[in-house]
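Novice: My questions will all concern the structure given below.
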Amino acid sequence: MRFRFPFSWRFRRWLRTREQSEYALTIFYALLIGGGVGVVGALFYRVLLLVQKFFFRASEEDFASLPGLTLLLVPIFGGVIQAALTRMYPDVASRKGVVEVMKSLKLKQGVISAGTTLFHMVAPVIAIGTGGSVGPEGPACQLGAGIASRIGQMFRVSPGRLKVMVAAGSGAAISAIFNAPLGGVFFALEIILLNDLKDVTFGVLILASVVANVVSHALLGGHSLFQFPPLELPAVRLLPIFLLLGMLGGLLSVGFMKWSGTLAKLVWGRWRNVPRWVFPPLAGLLLGITAQWFPDVLGVGYHGIQTALSGEYVLLVGLALLVLKVLLTGTTIELGGFGGTFAPSLFIGAMLGGVVAQLAAMLHLPISAPLLVLTGMGTVLAGMNGIPLTAFLLLVELTGNYDMVLPMMIAVSGTTMVIQFIVHERSLYIFKLKKARLYSEKDGATMLAETSIRELMKPMKPVVKSSSPLQTVVPLFAELDLKDLVVVDEANRVTGMLDFADLRHIIAEFEALKIIRVAELAETVPIVHAETSLAEFQFLARDCHSEYLPVCDRDGQLLGIVFQSAVNGMAQTILRSQQEEQENNRWAFK
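Quick note on numbering: this note's numbering labels position 158 of the sequence shown as 168, and the sequence is numbered without any gaps.
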């Protein structure tokens, strides 16, 4: 049920009578979004710390002193709670993460339900509070987007304005969590709006981000996530080390993408028959076992980052934490955990920078170890999340030190270069959108010609042999309520399809049914392959009255079927998405 703010139309009508009403509305909505997100973001952060202390009876920096049994059982228990939430609300649970905010802009014009927002406030608190190897920034982004969406729906704003409000809410959440207004603005631009920059949009993002930061600052105090030691600008001859560090960060980011993709294929492929509720406790078990030796892998990892900045990790421990965090973060998320990748990417980058700093010290290179750690954080943050500008600005805002500008720019450039060269994608979010056919730099016609029907294939329905008498086939139509059946020969090669409508004129002739073979009434239909494009499928099926077509390999062996309705639905989604992109380029805030 859609909630409507009762006085919104009166307020809006009153405001429109004043000069520059659109500008005034813009400011009003930005203030409302920033204030709301700032308050809820601060509450989210406080509740997260309380839940963590409730389960562990300790804060993150004290995990190493906890009993091994506590470190083992709490993540498992957290996994059980997450599994229960997923089982009770499967549809809402599946809509998690930053990519779902992006999908809401593509498919629902920015409309996000209150239930989705509330669920993804509670579930990540449980996940992170019980030691999940994920971060709070992704859920905070989704929370901010949900708040902004509800505000827009209450005031019944236009679809174009609602999309920008959702982006502003996401950026405001990042600003509130990190105490970094510019970082929040560019996060909304780079990820949520996919670099679609417009003057009015930019103003809304800035105002909402600043207001959220001020409100969060007032409620939480002038908190700083980390304590930064003095940074020293390296000699020019040492700058290539930062390029190398950036390239290593790019390789790590690619490794994380590949690992996450592999797990996703296993969960939804080979392990698809395993009950969903098994996976979150399994992820918790793996976390708990690892925490027996490396407790710093638990939780958001801010304490581990501070330890790396202080140079307290030895080389092998830092290297082990780096690898384990990559594996466990991907495992936690893909096995059903709720959380983001921002904090883990900062942790992984800090470990990478620490390892490089220790290697540089062994070679007696006069280079600042904290600067390498911070640069490593920026490179992996940029690489894993596809936000080079945001990462650069975020780290500069966090430190307040501009000596790191040049090294960071060089490193992030190296990261971007490696990722573009290997995977040809800006980020994991873009990769997931492309898999869902919701993003492309190409036009709609090109996408239809390049998108295959493979993922639309369904298991084959019962087939009949071409040599079978009709007497044995007629009961199948009645029993299975089918309109047509695939016909195959003795070698299981598709020869056509049998339409029940063709049997009606002889169905009463019992003796004829014994004599006539299926092959005599089977109709030839277009044969498609798994790699057939959507456009080609629609062309081949234009004169076919069957609701589906058989999919064969190159030898004519039946692989499955594809429904025409599924192909047409995907084609419409692609074309509608492209049309909306074009419309949004013409009007974003009218």
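Note that CB positions come from ideal geometry on N, CA and C, so glycine has one too.
1) If I'm right that residue 236 touches residue 319 with Cβ under 8 Å, what's the distance once you round it to whole angstroms?
2) Compute the minimum distance between the beta carbon of residue 277 and the heavy atoms of the ligand COA, and state whether it is under 6 Å.
3) What distance in whole Å lies between the Cβ atoms of residue 172 and residue 119, which are believed to be in contact at a cut-off of 8 Å?
4) Take residue 595 and list the residues in its own chain whose beta-carbon comes closer than 6 Å to its own, dropping the five residues that flank it on each side.
5) Is the beta carbon of residue 349 less than 7 Å from the beta carbon of residue 137?
6) Have a look at residue 166 and residue 582 and give me their C-alpha separation to the nearest angstrom.
7) To the nearest whole angstrom, what separates the beta carbons of residue 308 and residue 73, a pair I think is in contact under 8 Å?
8) In the DSSP assignment, the beta strand (DSSP E) including residue 571 goes from what residue to what residue?
9) For residue 89, count neighbouring C-beta atoms within 10 Å of its own C-beta (all shown protein chains included) and say buried if the count is 16 or more, exposed if not.
10) Quick check: the segment 183-197 against the segment 210-225, are there 3 or more CB pairs under 8 Å?
11) Measuring only the C-alpha atoms, how far is residue 411 from residue 574?
12) The beta strand (DSSP E) that contains residue 506, what's its start and end?
13) By the 10 Å Cβ neighbour count, where 16 or more other Cβ atoms means buried, how is residue 143 classified, buried or exposed?
14) Can you tell me which residues form a DSSP beta bridge with residue 145?
15) What do you reckon, are the CB atoms on residue 84 and residue 170 nearer than 7 Å?
16) What three-state label does DSSP hand residue 601 in the structure shown?
17) In three-state DSSP terms, what is residue 431?
18) Flag this pair as touching only if the segment 249-261 and the segment 416-431 have three or more C-beta atom pairs under 8 Å; answer yes or no.
19) If I'm right that residue 352 touches residue 391 with Cβ under 8 Å, what's the distance once you round it to whole angstroms?
20) Among residues of its own chain, excluding the 5 on either side of residue 527, which ones have a beta-carbon nearer than 8 Å to its beta-carbon?
21) Where does residue 105 land, buried or exposed, given buried means 16+ other C-beta within 10 angstroms?
22) Tell me which same chain residues have a C-beta within less than 7 Å of the C-beta of residue 372, skipping the five on either side of it?
23) Report yes or no: do the segment 288-298 and the segment 113-133 share at least 3 C-beta pairs separated by less than 8 Å?
24) Identify which residue in 53, 177, 81, 66 has its Cα closest to the Cα of residue 113.
25) Which class does residue 402 belong to by DSSP, given the choice of helix, strand or coil?
26) Please specify which runs of the alpha helix (DSSP H), each continuous and at least 4 residues long, are wholly inside the segment 69-103, giving them in chain order.
Specialist: A quick look at the data gives this:
1) With a contact defined as Cβ atoms closer than 8 Å, residue 236 and residue 319 qualify at about 6 Å.
2) You won't find the ligand COA in this model; it holds no ligand whatsoever.
3) Taking a contact as a CB-CB distance under 8 Å, the pair residue 119 and residue 172 counts as one, their CB atoms being some 6 Å apart.
4) The predicted model places residue 595 with a pLDDT of 43, which falls under 50 and marks its position as unreliable; any figure quoted below should be read in that light. Within the same chain, residue 595 has no close Cβ partners at all.
5) Cβ atoms of residue 349 and residue 137: closer than 7 Å.
6) So the alpha carbons of these two residues sit roughly 26 Å apart.
7) With 8 Å as the limit, residue 308 and residue 73 qualify as a contact, their Cβ atoms being about 6 Å apart.
8) Here the beta strand (DSSP E) through residue 571 covers 568-573.
9) The residue in question, residue 89, is buried, as its Cβ has 16 or more Cβ neighbours within 10 Å.
10) Yes: the two stretches touch, three or more of their Cβ pairs being nearer than 8 Å.
11) Straight-line spacing of the CA atoms in residue 411 and residue 574 works out to 59 Å.
12) Per DSSP, residue 506 belongs to the beta strand (DSSP E) from 504-509.
13) Here residue 143 is buried, its C-beta having at least 16 other C-beta atoms within 10 Å.
14) According to DSSP, residue 145 bridges with 350.
15) Not a contact, by the Cβ cut-off of 7 Å.
16) No answer is possible for residue 601: it lies beyond the span of the chain, which begins at 11 and ends at 600.
17) Here DSSP, grouped into helix, strand and coil, assigns residue 431 to helix.
18) Contact between the segment 249-261 and the segment 416-431 is present, because at least three Cβ pairs lie under 8 Å.
19) At roughly 7 Å, the Cβ-Cβ gap stays under 8 Å, so residue 352 and residue 391 are in contact.
20) Closer than 8 Å at the Cβ level, and outside the excluded window around residue 527, lie 476, 477, 478, 479, 480.
21) The residue in question, residue 105, is buried, as its Cβ has 16 or more Cβ neighbours within 10 Å.
22) In the same chain as residue 372, and ignoring 5 residues on each side of it, no C-beta atom comes closer than 7 Å to its own.
23) Contact annotation: the segment 288-298 does not touch the segment 113-133, with fewer than three C-beta pairs closer than 8 Å.
24) Nearest to residue 113 by alpha-carbon distance, out of 53, 177, 81, 66, is 177.
25) In the three-state reduction of the DSSP assignment, residue 402 falls in the helix class, which pools H, G and I.
26) The segment 69-103 contains these whole alpha helix (DSSP H) runs: 78-98.
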